[in-house]
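In the numbering used here, the protein residues as written are 19 to 74.
Cβ coordinates follow ideal geometry from the N, Cα and C atoms, glycine included.
Predicted, not measured: the structure shown is a model, and the values here were computed from it.
Some notes on the structure that comes next.
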């Protein structure tokens, strides 16, 4: 599989909102300060829940 040229990748990063892309796939993001957070797993009671941060 060919690599995406660096210039094209940078252009995509500027044009496409990662937050909107994730939301368009049906995932719920929550605003936490200036970051967006998506909970990644549902764990049994008593366990801490993992999360991923997405910067806009």
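Return the Cβ separation of residue i and residue j in integer angstroms, given the expectation that the two are a contact with Cβ distance under 8 Å.
i: residue 27; j: residue 37; result: Contact doesn't hold; Cβ gap of about 18 Å is too wide.
i: residue 45; j: residue 56; result: 6 Å
Which class does residue i belong to by DSSP, given the choice of helix, strand or coil?
i: residue 34; result: coil
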